[in-house]
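Residue numbers (UniProt numbering): 1 to 307.
Encoded as structure tokens, the structure appears first; notes follow it.
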Amino acid sequence: MRHTPVRISATLIVASVLLLLVLRSLPSSPEPGPELIQVEGGSFMAGNFQVPMRTPDGAQSVQWVAQPDQGALEPYPVEVNAFSIMKKEASNALYDRFLKQTQRPARWQAVKGDEQQAANMPYDEAEAFCAWLGQNSGLDMRLPTEAEWEYAARSRGQAFPWATDNGQWQEGRNLPDQEQRTQHYDIGSFPANPLGIQDMANGLHEWVISDPTRDPPHVRVVKGGGDDASTSRNTIPTRGIVFPLSESSIQAKPELARLRHYPAGTAYFQHATARCVAPLKSNGAPAPTRVPSSDAPAVFDEATDKP
């Protein structure tokens, strides 16, 4: 039996449609996620701590790293289990992918270089972002606790005032200088800390999980430097307390329009982003309490903001 050209064409069309449906039904390979840094567990004194400081005239004294008005917690012992943490802050491009896949409202106005800019997100979306990121990577991801964040920023509990490559505040070398602080630097523009983590002293503030035994349930906590106020006062123990936005404040600011559907008292916003962590299984070996480092300076240069 001979097939006519019309029947052949129809058969090819049907076969092509079926093949396309089969290809669409196949699981797509996940897009690459952010780079993670593994942090060995250990114990350290979280919260505020003292270090030797040197003033510009060469005088030395032992000083508290965070000042009394910066909300730092009193020193407290804590055991931190091993975990992986994002090397860099969440980018706008990654945040947009999360919003699209979870069918959430679009974020604030897009900007040039979104792949290189840190994502500004409210607290509840930061939590959801980490959960989504974990689902895509097969990891149990979440925001870090405040103790985990400090442990990583201090390169496993070392006495570093700032989360820079050498623990020092050196404008123009490992942090933006005074004139550059109003600029939006690309993620990862400055050297990493000794663990290989970047931008914990600059960029955006970072949401952490607060300790219910130390903070009331209606507040949220941010850590690290910020591009809106990236000053030398933002040392590692420094913490920002964020209260929920009022309905009137949300209504008054056009840039907060996407938060208007939030129930009263549930919207937390502070120019902050997410740096997610994933707990790791212990290898059974006793964890050292700190990372030995011959490069750590014995004395830190006191950094004062210019008027």
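We put the beta carbon where it would ideally sit given N, CA and C, even for glycine.
Keep in mind the model is a prediction, meaning the values are calculated, not measured.
Three CB pairs or more closer than 8 Å across the segment 151–163 and the segment 47–67: The segment 47–67 and the segment 151–163 touch, with three or more beta-carbon pairs separated by less than 8 Å.
Beta-carbon proximity of P122 to Y268, cut-off 8 Å: Along the sequence shown, read from residue 1 onward, the residue named residue 122 stands at position 122. Along the sequence shown, read from residue 1 onward, the residue named residue 268 stands at position 268. Contact: yes.
Cβ of P34 within 8 Å of any chain D Cβ: Reference to chain D is not applicable here, since this structure consists of a single protein chain.
Segment contact flag, the segment 73–82 with the segment 102–110, C-beta cutoff 8 Å, min 3 pairs: Verdict: no, contact absent.
Terminal residues of the beta strand (DSSP E) in which L133 lies: The count along the sequence shown starts at 1 and reaches residue 133 at position 133. Element bounds for L133: not the beta strand (DSSP E) but the alpha helix (DSSP H), Y123 to S137.
Sub-8 Å separation of D301 and Q168 beta-carbons: Indexing the sequence shown from 1 puts residue 301 at position 301. Indexing the sequence shown from 1 puts residue 168 at position 168. Yes, these two residues count as a Cβ contact at 8 Å.
Reduced DSSP category for S248 - H, G, I as helix; E, B as strand; rest coil: The residue given as residue 248 occupies position 248 in the sequence shown. If DSSP states are grouped into helix, strand and coil, S248 belongs with the helices.
Residue burial classification, V62 (beta-carbon count within 10 angstroms, cutoff 16): Residue mapping note: residue 62 aligns to position 62 of the sequence shown, counting from 1. Result: exposed.
Closest by C-alpha distance to P297, when choosing among P244, P194, T213 and L204: Here residue 297 refers to the residue found at position 297 when the sequence shown is read from its first residue. Here the closest residue by C-alpha is P194.
Contacts around L204, its chain only, beta-carbon distance under 7 Å, and the 5 residues preceding and following it disregarded: Taking the first residue of the sequence shown as position 1, residue 204 is located at position 204. So the list reads E89, A118, N120, G226, D227, H271, A272 and T273, once near-sequence residues are dropped.
Rounded straight-line distance, which links the Cα of M45 to that of P77: Looking up residue 77 in the sequence shown gives position 77. Looking up residue 45 in the sequence shown gives position 45. So the two alpha carbons sit approximately 4 Å from each other.
Status (buried if at least 16 other CB within 10 Å, exposed otherwise) for P237: As a position in the sequence shown, residue 237 is number 237, starting the count at 1. Buried, because 16 or more other Cβ atoms sit within 10 Å of the Cβ of P237.
Beta-carbon gap between I187 and I85 smaller than 8 Å: As a position in the sequence shown, residue 187 is number 187, starting the count at 1. As a position in the sequence shown, residue 85 is number 85, starting the count at 1. Result no, Cβ atoms of I187 and I85 do not sit closer than 8 Å.
Between the CA atoms of E247 and residue 315 - distance to the nearest angstrom: The displayed coordinates of the chain run from 1 to 307. Any statement about residue 315 would go beyond what the structure contains.
Segment limits, beta strand (DSSP E) that includes W64: Within the sequence shown, the letter at position 64 stands for residue 64. Where W64 is concerned, the enclosing beta strand (DSSP E) stretches over Q60 to W64.
Beta-carbon separation (whole angstroms), G42 vs R220, contact threshold 8 Å: In the sequence shown, residue 42 corresponds to position 42, counting from 1. In the sequence shown, residue 220 corresponds to position 220, counting from 1. Contact doesn't hold; Cβ gap of about 27 Å is too wide.
Given G134 as reference, the closest of C276, T102 and P217 once Cα atoms are compared: To locate residue 134, count along the sequence shown from 1; it is residue 134. Residue C276 is the option with its Cα nearest to G134.
Span separating the alpha-carbon of Q103 from that of F190: By 1-based counting over the sequence shown, the position of residue 103 is 103. By 1-based counting over the sequence shown, the position of residue 190 is 190. So the alpha carbons of these two residues sit roughly 34 Å apart.
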